[in-house]
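Peer 1:
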Amino acid sequence: MISTRILLLLAALALACTAVGSTNQGQGKPEPENGCPNVTEDSFRRLNQPTTKPQNNLARRLGEFCHDRFHKNENVTCIGQLGPTSRKCPLCCACRGAAGIIYNNANAPRTFPCGNVKVNTPLLSQRQHVKDSSRRYK
-3 MISTRILLLL
7 AALALACTAV
17 GSTNQGQGKP
27 EPENGCPNVT
37 EDSFRRLNQP
47 TTKPQNNLAR
57 RLGEFCHDRF
67 HKNENVTCIG
77 QLGPTSRKCP
87 LCCACRGAAG
97 IIYNNANAPR
107 TFPCGNVKVN
117 TPLLSQRQHV
127 KDSSRRYK
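Residue numbering for the sequence shown follows the working numbering, starting at -3 and increasing by one per position.
1) Closest to residue 26 by CA distance: which of 110, 108 and 90 is it?
2) Considering only residues of the same chain and omitting the five flanking positions on each side of residue 33, which have a CB-CB separation below 8 Å?
3) Buried or exposed for residue 92, please, with buried defined as at least 16 other CB atoms from any protein chain shown within 10 angstroms of its CB.
4) Starting from residue 74 and walking both ways along the beta strand (DSSP E), at which residues does that stretch end?
5) Mapping the DSSP letters down to three states, classify residue 31 as helix, strand or coil.
6) Put residue 83 into one of helix, strand or coil per three-state DSSP.
7) What residue from 73, 71 and 62 has the CA that sits closest to residue 86's CA?
8) Kindly indicate which residue of 58, 98, 95 and 36 has the alpha-carbon position closest to the one of residue 106.
9) Only counting the same chain, and skipping five residues up and downstream in sequence, which positions put a Cβ closer than 7 Å to that of residue 70?
10) How is the alpha helix (DSSP H) around residue 55 delimited, first residue to last?
11) Can you give me the start and stop residues for the alpha helix (DSSP H) that residue 44 sits inside?
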């Protein structure tokens, strides 16, 4: 009887720890990681400031992706920037809300071109690319 209570208590404790861990993952970090740049409040002001120069649409679009991925139902503004070059196409997300600026890391959307090649492209388009490149050298 006592051993059953202890097992139930340990199981409940494990579930509680898992729930807290998964909740904290979505909150982001106070500092950027994995080679991502530090973002200032000024970056967020410039994002929405009307100027004669073209706005940074890439940062805005990637920021929308970051917002949908990490803070869908929250009132935050996000900026997205490609992280260090790699095959996985890392995406650095910086989001500003009531708690300040928080950072999350993700991979860029599947159709996003990283470098000279598209990563995560469907197999059919990869085959087409190989087929087209083989024609050039004949």
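Every residue gets a Cβ at the ideal spot worked out from N, C-alpha and C, and that includes glycine.
Peer 2: The relevant details are as follows:
1) 90
2) 77 and 88
3) buried
4) 73 to 78
5) coil
6) coil
7) 62
8) 58
9) 93
10) 53 to 66
11) 37 to 44
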